[in-house]
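Down below is the structure, laid out as structure tokens.
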Amino acid sequence: MFQTAIPTPGRLSSLVAGSTEPLSNALYELNVLQSASEDALLRSGNPAFRQLFYRCHELDKKFAEVSSENKALQMLVSAQAKGEMPTAPIIKGGGTQRSHIRLIPLEPLSSSDYPAVRFWTSQSWKLHVAATDASTAPGQRSGKKGSTRSSKGENVQLLFVENEHGITADGHRAKAIRNLAHDIFEDLYANGVRASSYCRKMPHHAKEYYRTEMATKFPELRLCDVNWKADAIAIIIYPGWWKSRNGQSAKEEPASDPDENISPAPGEPKAVEVAEVARGHKRLNSTHAVPDTGKKAKTAGTEAPGADPDDSGAMVRVVESGAADSSFALDAVPILASASPMASVPQPAISEESAKAPVVLPTKPKPMRLPKKPIAKNFCMHAWKKDNLQGERPEFDKYWSSLSEDEQKKYKDIEEDYKSRNIEKIESNYIETLQ
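Laid out in structure tokens, this is it:
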């Protein structure tokens with residue numbers, strides 16, 4: 001396609017001054033210059049136009065920034081008029097003046113500029129937690145939690161906080177982050193923002209102030225999508241701080257770190273379960289008891305583990321009849337303190353050897369508990385249980401250990417398929433770490 005060349009300013013000057021070219025050609029080229037598009041002027045390489053173009057572009061950018069700042073200031077003025085935020089800078093105890101409340105959010109960063117950051121989105125962190133839980137073997141214990149590990153510089157709770165190189169913050173950095181969050185919550189509380197819940201009741205402008213303060217002091221909290229890391233820290237810390245601040249659980253701020261009050265690691269037995277096991281062993285090992293005067297005779301376990309509480313028709317008890325001799329009685333009815341004398345109770349004749357043998361109480365086996373965590377071993381357990389209704393956990397553990405790698409891989413493939421189709425259900429284990 002034919003294109004008309006755009007005359008440069010020097011050429012136009014020579015044309016107008018009376019060159020050899022006809023004046024009509026000069027006027028024609030001036031008309032071309034007047035009707036040229038912005039793209040054509042840029043491609044012509046005219047330095048005056050290019051300088052003017054980029055200057056206009058910079059002014060547009062500055063205007064957008066000023067407009068955004070003006071909008072934020074209008075929000076601040078509106079909040080002050082409603083009495084939601086203070087009109088003066090926040091003053092921290094001790095006379096140290098803090099910065100004015102900032103409602104201008106910091107410019108979001110791009111994940112493409114920080115490829116080493118592993119947990120840019122909350123979804124990536126949830127998947128990491130789900131994978132960690134799935135890889136934890138049943139009954140596996142983790143190390144001690146709380147002040148012991150935190151004092152050694154180990155981050156126990158804020159493992160999603162990482163720098164631009166993907167290195168997780170240490171325990172000292174995590175503690176400084178928690179301390180700043182506490183200070184910000186105190187500032188907001190002292191200035192009238194008293195929300196009982198960070199997620200549902202904290203005002204938006206207060207959240208923006210918290211996020212900006214946290215990201216200004218700890219820039220690594222900006223290395224994420226939509227401030228989810230700062231929000232996650234608040235979700236972890238705020239409930240305990242609120243209860244302590246309002247005297248619901250304590251009169252003063254607890255001296256211990258929040259790391260001391262975290263949930264057990266995946267696979268670690270709970271205290272209640274350990275206590276139940278301890279009580280069960282105590283019942284099984286109790287073989288001697290001395291009846292109290294005026295009270296119901298002591299028994300070696302009033303009820304067998306797993307027995308019906310109402311099924312007390314037969315009990316085994318040991319009566320101290322001498323220093324070196326013990327006699328056993330099998331009662332058909334519950335024993336009362338003085339309802340029937342010992343002489344009236346028929347006693348079976350037993351040998352001295354059997355009398356010295358420990359009494360083993362009858363036990364009713366408890367049904368095997370099938371875990372619900374969607375991991376390969378548990379999928380195999382469910383399938384094995386269908387063919388072994390009376391099977392117990394030790395038997396299954398031996399069966400699982402005897403499987404070849406190819407056979408175990410079949411259940412691992414089931415686990416992967418389950419995760420891909422039910423990822424939201426798997427991620428539900430992470431909700432507790434953010435509440």
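Quick note on the numbering used here: the sequence shown kicks off at 1 and runs consecutively. Cβ atoms here follow ideal geometry from the backbone N, Cα and C, with glycine treated the same way. In this text, all values refer to a predicted model and were calculated from it rather than measured experimentally.
Mapping DSSP to helix, strand and coil, what is Glu162? Taking the first residue of the sequence shown as 1, we reach residue 162 at position 162. Of the three classes helix, strand and coil, the one that applies to Glu162 here is strand, per DSSP.
Could you check what DSSP says for Thr216 in three-state terms: helix, strand or coil? The residue labelled residue 216 in the question sits at position 216 within the sequence shown. Looking at Thr216 - three-state DSSP - the assignment turns out to be helix.
Helix, strand or coil at Ser263 according to DSSP, with G and I counted as helix: Taking the sequence shown and counting its residues from 1, the one referred to as residue 263 is at position 263. Confidence at Ser263 is low in this model, with a pLDDT of 40, below 50, so its placement is unreliable and no value can be given for it.
For a quick check, are the C-beta atoms of Gly166 and Asn155 less than 8 Å apart? The residue given as residue 166 occupies position 166 in the sequence shown. The residue given as residue 155 occupies position 155 in the sequence shown. Not a contact, by the Cβ cut-off of 8 Å.
Assumed close pair Met368, Lys386 - CB separation to whole angstroms, cut-off 8 Å: Here residue 368 is taken as the residue at index 368 of the sequence shown, counted from 1. Here residue 386 is taken as the residue at index 386 of the sequence shown, counted from 1. In this structure Met368 does not touch Lys386 by the C-beta definition: roughly 12 Å separates them, more than the 8 Å allowed.
Can you have a look at Asp60 and say buried or exposed, based on whether 16 or more other CB atoms are within 10 angstroms of its CB? Taking the first residue of the sequence shown as 1, we reach residue 60 at position 60. That one is exposed.
Between which two residues does the alpha helix (DSSP H) holding Gly171 run? Translated into positions along the sequence shown, residue 171 becomes position 171. From DSSP, the alpha helix (DSSP H) with Gly171 extends over Gly171 to Ala190.
Boundaries (first-last residue) of the alpha helix (DSSP H) holding Leu106: Along the sequence shown, read from residue 1 onward, the residue named residue 106 stands at position 106. Here Leu106 belongs to no alpha helix (DSSP H), and DSSP marks it neither H nor E.
Could you give the first and the last residue of the continuous alpha helix (DSSP H) run that contains Pro394? Counting from one through the sequence shown, the residue named residue 394 turns up at place 394. Note, Pro394: alpha helix (DSSP H), Arg393 to Ser402.
Nearest to Phe53 by CA position, among Arg222, Ser37 and Tyr114, is which residue? For this step, residue 53 is matched to residue 53 along the sequence shown. That would be Ser37, whose Cα lies nearest to the Cα of Phe53.
Using the Cβ count rule (16 or more neighbours within 10 Å means buried), how would you classify Asn179? Here residue 179 corresponds to residue number 179 of the sequence shown, with the count starting at 1. The residue is exposed, with fewer than 16 neighbouring Cβ atoms inside 10 Å.
I need the straight-line Cα distance from Lys409 to Lys243, nearest angstrom please. Position 409 of the sequence shown, counted from the start, is the residue given in the question as residue 409. Position 243 of the sequence shown, counted from the start, is the residue given in the question as residue 243. Distance between the alpha carbons of Lys409 and Lys243 is about 48 Å.
Which residue comes first and which comes last in the alpha helix (DSSP H) that contains Trp242? As a working note, residue 242 is residue 242 in the sequence shown. Where Trp242 is concerned, the enclosing alpha helix (DSSP H) stretches over Trp228 to Arg245.
Alpha carbon to alpha carbon, how far is Pro86 from Phe119? Walking along the sequence shown from the start, residue 86 turns up at place 86. Walking along the sequence shown from the start, residue 119 turns up at place 119. Caution is warranted here: a pLDDT of 44 is assigned to Pro86, below 50, making its placement in the model unreliable, and the coordinate value is therefore given only provisionally. Pro86 and Phe119: Cα-Cα distance of roughly 36 Å.
Closest by C-alpha distance to Asn163, when choosing among Ser35, Ala215 and Arg211: Numbered from its first residue, the sequence shown carries residue 163 at position 163. Closest option to Asn163, Cα to Cα, is Ala215.
Assign Tyr238 to one of two classes, buried (16 or more other C-beta atoms within 10 Å of its C-beta) or exposed (fewer than that). Translated into the one-based positions of the sequence shown, residue 238 becomes position 238. With 16 or more Cβ atoms within 10 Å of its Cβ, Tyr238 is classed as buried.
Keeping to the same chain, check which residues put their C-beta closer than 7 Å to that of Lys217; ignore five residues upstream and five downstream. Your numbering for residue 217 matches position 217 in the sequence shown. Cβ within range, chain order: Leu180.
Between Ala134, Asp183 and Gln390, which lies nearest to Trp241 when the distance is taken from Cα to Cα? Position 241 of the sequence shown holds residue 241. Here the closest residue by C-alpha is Asp183.
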